[in-house]
Amino acid sequence: MDTNFTQVFKEKKLKLTPQRIAVYNYLKSTKEHPSAETIHKALMEEYPTMSLATVYKTLKVLVEVGLVQELNVGEGNFRYDGMTTSHPHIHCICCAKVDDLEGVTFEELNQTVKCNTNYDVLSNKVYFYGICPECKKSN
Ligand SMILES: [Zn+2]
Ligand SMILES: [Zn+2]
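Quick note on the working numbering: the sequence shown kicks off at 552 and runs consecutively.
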């Protein structure tokens, strides 16, 4: 468990429950950007008493304190990411898999947008949609 995690919980005066630790560690250990249902299934064996509602509540807390990133890849399809720094994602429209897009940044896009609005642009969220290599093969 990283120190940032325990520190944030201490600062926010939140209880470090086994469920919160389990959900956080699971998200840190995967690059799959799982949904709440997937997390629930994955932790069921080790935490048989943890309900899907608890997973949802736990995710809400982790997102609120900034330890986890929530991705809305469309149509209320929420996915979770243990990597909280801003990075673009690509979503497969066939199998619903979500991958990180590496080596691409959109910092320049912030500048372009800034030139076209009176806003101070702070961040952006970019999602790409496509067909992953596995789905391409099976088609
Ligand atoms: Zn796919
Ligand atoms: Zn990601």
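Virtual Cβ for every residue (Gly too), placed ideally from N, Cα, C.
Review point. Val559 and Val616: beta carbons closer than 8 Å?
Key: For the purposes of this step, residue 559 is taken as the residue at position 8 of the sequence shown. For the purposes of this step, residue 616 is taken as the residue at position 65 of the sequence shown. Between Val559 and Val616, the CB-CB gap stays under 8 Å.
Check your understanding: Per DSSP, what kind of secondary structure is Leu622 in: helix, strand or coil?
Key -> Residue 622 sits at position 71 when you count from the first residue of the sequence shown. In this structure, Leu622 counts as strand in the three-state DSSP scheme.
Review point. Taking the alpha-carbon positions, what's the Glu596 to Ile590 distance?
Key: Taking the first residue of the sequence shown as 1, we reach residue 596 at position 45. Taking the first residue of the sequence shown as 1, we reach residue 590 at position 39. When rounded, the separation of the alpha-carbon atoms in Glu596 and Ile590 is 11 Å.
Review point. What does the shell around ligand 2 hold, if a residue joins when its beta-carbon is under 6 Å from any heavy atom?
Key: Any heavy atom of ligand 2 within less than 6 Å of a residue's beta carbon puts that residue on the list, which reads His584, Asp632, Met634, His638, His640, Asp651.
**Study point:** Backbone CA spacing between Val612 and Thr656 [nearest angstrom]
**Key:** Taking the sequence shown and counting its residues from 1, one reaches residue 612 at position 61. Taking the sequence shown and counting its residues from 1, one reaches residue 656 at position 105. Their Cα atoms are separated by approximately 28 Å.
Practice item. Measure the C-alpha to C-alpha separation of Glu562 and Tyr577 and round it to an integer number of angstroms. Key: The count along the sequence shown starts at 1 and reaches residue 562 at position 11. The count along the sequence shown starts at 1 and reaches residue 577 at position 26. Computed Cα separation, rounded: 22 Å.
**Study point:** Per-residue burial, Pro599 [other beta carbons within 10 Å of its own, 16 or more giving buried]
**Key:** Looking up residue 599 in the sequence shown gives position 48. Under this definition Pro599 is an exposed residue.
Exercise for review: Confirm the yes/no value for this check: CB of Lys566, any heavy atom of ligand 1, distance under 7 Å.
Suggested key: Residue mapping note: residue 566 aligns to position 15 of the sequence shown, counting from 1. Every heavy atom of ligand 1 is 7 Å or more from the Cβ of Lys566, so no.
Point to revise | Residue ranges of each beta strand (DSSP E) within the region 611 to 665, 3 or longer | key: Here the runs fully enclosed are 620 to 623, 629 to 632, 640 to 643, 649 to 651.
Review point. Does ligand 1 have a heavy atom nearer than 7 Å to the CB of Cys645?
Key: Counting from 1 along the sequence shown, the entry for residue 645 is found at position 94. In terms of side-chain proximity, the C-beta atom of Cys645 is found nearer than 7 Å to a non-hydrogen atom of ligand 1.
Practice item. Go through its chain and collect everything with a Cβ distance to Asn661's Cβ below 7 Å, but skip five positions before and after it. Key: Residue numbering aside, residue 661 sits at position 110 when the sequence shown is read from its first letter. Within the same chain, Cβ atoms closer than 7 Å to the Cβ of Asn661 are found at Val672, Asn675, the five residues on either side in sequence being excluded.
Review point. In chain order, what residues of the same chain have a beta carbon less than 8 Å from the beta carbon of Glu583, not counting five sequence neighbours either side?
Key: In the sequence shown, counting from the first residue as 1, residue 583 sits at position 32. Excluding positions up to five away in sequence, the list reads Thr589, Lys648, Val649.
Check your understanding: To which residues does DSSP link Phe560 through a beta bridge?
Key -> Here residue 560 corresponds to residue number 9 of the sequence shown, with the count starting at 1. Note: Phe560 sits in no beta bridge, so no partner.
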